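Following our numbering, the numbering of the sequence shown begins with 139 at its first residue and continues without gaps.
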Amino acid sequence: MLVGIDLGTTHSLIGRYGPNGPELAPNALGEMLTPSVVSIDEAGHLLVGQAAKDRLITHPGQTVAAFKRWMGSNRTTQLGVHNFTPEELSALVLRSLVADAEAHFGEPVNEAVISVPAYFSDAQRKATRTAGEMAGLKVERLINEPTAAALAYGLMEGHEEARVLVFDLGGGTLDVSVLEMFEGVIDIHASAGDNFLGGEDFLDALLTAACKELEIDLELLSPDVLAQLERRLEAAKRELTQKSEVLVSLPIAIGDRANDGWLITQDRFVTICEPLIQRMRQPVERAMRDAELQPGDLNEIILVGGASRMPMVAQTLTRMVGRLPLRHVNPDLAIALGVSIAAGMKARDARLEETVLTDICPYTLGTEVAKTSSDGQHFSGYFLPIIPRNTTVPVSREVSVFPLYDGQKEMKIEIFQGESPWVKNNIRLGRITVALPPSAQRGDSGVDLRYTYDIDGLLQVEAKEQWTSKVHSLVLQQSEHQLSEAEVQERLKKLAAIKVHPRAQQANLAVMARAERAYMESIHDREEIQHWMSMFQQLLETQDLKRIESARKELNQRLTGVEANL
Ligand code: ADP
Ligand code: MG
């Protein structure tokens, strides 16, 4: 079966294109959103999702979250006896999602379409593909998240030409794209983003403001008190999307304010977040500028990502572009639904025949050139763009380059990616060296340099000698940490060897992890929680599934009660 996967920084989802259109698969706890968190327990078993998320508080040293931010880098994380790369952590999340999809749809999963932020670099895209392979999946295609969102909104079905802005504010990232669609063709015209702006930053802003107003020294808070305070503020942040004010109870006594709590109003929250709102505006302005659009040219705005539920997001965008965003698809599910539709397209579902997707190259690709001043001096290090960012792919562009001086022996053609006028600030991708004929003259004996960027985001560079028509091709430098096929297989084996709790036990593990976290956070209810935990553990021994299930429900309800009174 071919599935669609939204591999998010905060949450991940899986679905397929079924008989009734896109369908998402719930995890073992019955939830569509699985937290992208991985933990290894005392017995060396792997936990993914909500149980792992609770362990972020109780076992921070064995637990990791938000690793999508490290994709494409070689940062590793030690969990128990294992050392994991970001690809491996992502592969563990993917594996867990696949198990959920297999259980829900009742078919083996072997292929996937995975969504990635539109501004993900080549290295980040390759890392995502590798993660899929390490999870035993054939990654049929990577699709840009905004394209998936547009698919979910069914915007490609209109026959009028439409221009759409997709604004995706997730846990840690903002991704803004301008798409154009016409008769089932979706074209990304521009994308811009902020890799370090998301819902978590709004939480941080709340935390900073609370500590300042309550005169709490953040540095002096113990990790568990800090974690509790953050959880309460996160809940308050969500409540503020519905209410005009929220009273946050405090996990610690602060002077005589012990029982007063902290009152936060919607207006105050907006004021606190003003710098973040300003940062939100920049990618929107840049994407509009790159797409050469005025606000009035946009036909729709789509809000995606959990953090876009905050009213200040819709307000800011409405003010900027003068129209209200569309809201009929759940912002948490939009990308997953869209990527499931993309999976249907990949599987050549006849119902989707009319829809075509195009993609863009997210960065400018070019070469290094020298400039000659009027007195004949050469200044090197300038960047010459060949394929500008946001060009629709596949694309092939050619420029000619010439020797700088008479008698030059060879030309070193450097390949760069980036937006700076100086190559030193851009990323070097490789070099082609072409030997020049002995008679080479300045401005003569040129080389035709052709850049071709294909639909999978792979760049090919060819340099043709004008005097012989001989072509030199460049195999792009592999990034240092890129793995060979054999290495991928080896990692796949390593990951497969990590024990996973049986699916049937996952809900029980999750409630125990939740209870443990509640115990840590609670002051007054500890004895009771411990008692419930021991009762539940004894019941687990009996293997009486019916009784276990009803006891689990009851324990979850009790914990909800405890959390409400913390
Ligand atoms: P990602 O794509 O990064 O995985 P999501 O789209 O799942 O992220 O968004 C997660 C973020 O959305 C978190 O920061 C969370 O606090 C925020 N969020 C989720 N629901 C709400 C809500 N109702 N109100 C405000 N923020 C929310
Ligand atoms: Mg997302």
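Glycine included, C-beta positions come from ideal geometry on N, C-alpha and C.
Note that the coordinates shown come from a computational prediction; the quantities given were computed from them, not determined experimentally.
Looking at the structure shown, is residue i part of a helix, part of a strand, or coil, going by DSSP?
i, result
"Gly605", "Here residue 605 turns out to be Trp, not Gly, going by the sequence shown. If DSSP states are grouped into helix, strand and coil, Trp605 belongs with coil."
"Ser511", "coil"
"Met448", "coil"
"Gln763", "In the structure as shown, the chain starts at 139 and stops at 704, and residue 763 therefore has no counterpart that could be examined."
"Gln615", "The pLDDT assigned to Gln615 is 48, lower than 50, so where the model puts this residue is not dependable; a value taken from the coordinates is nonetheless given after this. If DSSP states are grouped into helix, strand and coil, Gln615 belongs with coil."
"Phe228", "Just to set this straight, residue 228 is Ser in the shown sequence, not Phe. Helix at Ser228."
"Cys349", "helix"
"His327", "strand"
"Met549", "strand"
"Arg580", "coil"
"Ile390", "coil"
"Ala374", "helix"
"Ile667", "helix"
"Thr529", "strand"
"Glu278", "strand"
"Glu600", "strand"
"Pro246", "coil"
"Ala343", "helix"
"Glu240", "helix"
"Arg267", "helix"
"Val408", "helix"
"Arg424", "helix"
"Leu697", "helix"
"Ser688", "helix"
Going by the C-beta, is residue i closer than 7 Å to any heavy atom of ligand 2?
i, result
"Met218", "The sequence given here places Gly at residue 218; Met does not occur at that position. The answer is no for Gly218."
"Ile410", "no"
"Asp428", "no"
"Ile473", "yes"
"Gly519", "no"
"Gly443", "yes"
"Asp144", "yes"
"Glu283", "yes"
By Cβ distance below 6 Å, which residues in the same chain neighbour residue i in space, the five residues on each side in sequence not counted?
i, result
"Arg655", "Asp192, Ile195 and Thr196"
"Thr510", "His516"
"Ala239", "Val141, Ile152, Ala163 and Val247"
"Val236", "Val247"
"Asn468", "none"
"Leu693", "Val649, Trp670 and Phe674"
"Thr215", "Val202 and Phe222"
"Lys206", "Thr147"
Report all residues from its chain with a CB closer than 8 Å to the CB of residue i; omit the five preceding and five following residues, and keep chain order.
i, result
"Ala300", "Leu293, Glu318, Met319, Phe320, Asn437 and Glu438"
"Met549", "Val539, Pro541, Thr571, Val572, Leu574 and Val585"
"Trp400", "Ala348, Glu351, Leu352, Leu385, Val386 and Leu388"
"Asn158", "none"
"His149", "Leu171, Thr172, Pro173, Ser174, Gly309, Gly444 and Asp470"
Using 8 Å for Cβ pairs, my map puts residue i next to residue j. What's the rounded Cβ distance?
i, j, result
"Ser253", "Leu145", "7 Å"
"Gly309", "Thr147", "5 Å"
"Ala480", "Ala286", "6 Å"
"Arg417", "Met458", "That pair is no contact at about 13 Å."
"Val585", "Val599", "With 8 Å as the limit, Val585 and Val599 do not qualify as a contact, their Cβ atoms being about 11 Å apart."
"Val715", "Leu217", "A query on residue 715 cannot be resolved here, the shown segment of the chain reaching from 139 to 704 and no further."
Please work out which residues of its chain come closer than 7 Å, Cβ to Cβ, to residue i, disregarding the five sequence neighbours upstream and downstream, and give them in chain order.
i, result
"Thr379", "Arg447, Met448 and Pro449"
"Val384", "Ala374, Glu377, Leu378 and Ile402"
"Gln616", "Residue confidence is low: Gln616 scores 48 on pLDDT, short of 50, so the model does not pin down where it sits. Its coordinate-derived value is still stated next. Within the same chain, Gln616 has no close Cβ partners at all."
"Pro526", "Thr502"
"Asn564", "Phe521, Phe554, Gln555, Gly556 and Ser558"
Buried or exposed: where does residue i fall if 16 or more other Cβ atoms within 10 Å of its Cβ makes it buried?
i, result
"His327", "buried"
"Lys264", "buried"
"Arg629", "buried"
"Arg233", "buried"
"Phe521", "buried"
"Lys632", "exposed"
"Gly336", "buried"
"Glu708", "Outside the modelled stretch of the chain, which goes from 139 to 704, sits residue 708, for which no answer is possible."
"Asn646", "buried"
"Phe334", "exposed"
Does the Cβ of residue i lie closer than 7 Å to at least one heavy atom of ligand 1?
i, result
"Gly504", "no"
"Met708", "Residue 708 cannot be examined here, being either before or after the span of the chain that is shown, 139 to 704."
"Ala286", "no"
"Asp332", "no"
"Lys381", "no"
"Lys684", "no"
Heavy atom of ligand 3 less than 7 Å from the Cβ of residue i, yes or no?
i, result
"Asp306", "This structure lacks ligand 3; its bound ligands are ligand 1 and ligand 2."
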